[in-house]
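Worksheet: one structure, shown below.
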Amino acid sequence: MKQENEKIGAGEFKTHCLKLIDKVNQSKKPITITKHGKPMAKLTPIEDEAYSLFGCLKDTVEIKEDIVEGIGEDWEVDV
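The working numbering puts the sequence shown at residues 206 to 284.
Structure (structure tokens):
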């Protein structure tokens, strides 16, 4: 069963706009704004974007030279 969202008149929305924005942000439930009883707009919360470590550094590294070929130095290895 779908729960009907809260409705508020445009005049009341104008008067209490900032409080309603906070309410929607906290409750995560939208509010329909009406004018003469007809729905005109909907105030909805912004979904939190999922952050992924995979790909977060894409396009942050610039390769200037060959990264496969050695640089001609001999390396000492402790065995």
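The beta-carbon is built from N, C-alpha and C at its ideal position, and this holds for glycine as well. Only a predicted model underlies this, so the values are computations on that prediction, with no experimental measurement involved.
Among the candidates D271, G242, I268, whose CA atom is the shortest distance from the CA of G216?
On the sequence shown, position 11 is the one that residue 216 refers to. Nearest of D271, G242, I268 to G216, Cα basis: G242.
Would you call V266 buried or exposed, if buried means 16 or more other Cβ atoms sit within 10 Å of its Cβ?
By 1-based counting over the sequence shown, the position of residue 266 is 61. Label assigned to V266: exposed.
Would you call the stretch 242-258 and the stretch 224-233 touching, i.e. three or more CB-CB distances under 8 Å?
yes
For V229, count neighbouring C-beta atoms within 10 Å of its own C-beta (all shown protein chains included) and say buried if the count is 16 or more, exposed if not.
Mapped onto the sequence shown, residue 229 falls at position 24. The residue is buried, with at least 16 neighbouring Cβ atoms inside 10 Å.
Is I238 buried or exposed, if buried means 16 or more other CB atoms sit within 10 Å of its CB?
As a working note, residue 238 is residue 33 in the sequence shown. It is buried - the Cβ of I238 has at least 16 other Cβ atoms within 10 Å.
Considering only their Cβ atoms, is the gap separating E211 from K233 smaller than 8 Å?
On the sequence shown, position 28 is the one that residue 233 refers to. On the sequence shown, position 6 is the one that residue 211 refers to. Result no, Cβ atoms of K233 and E211 do not sit closer than 8 Å.
Does DSSP put E217 in a helix, in a strand, or in coil?
Residue 217 sits at position 12 when you count from the first residue of the sequence shown. Look at E217 here: in three-state DSSP terms it is helix.
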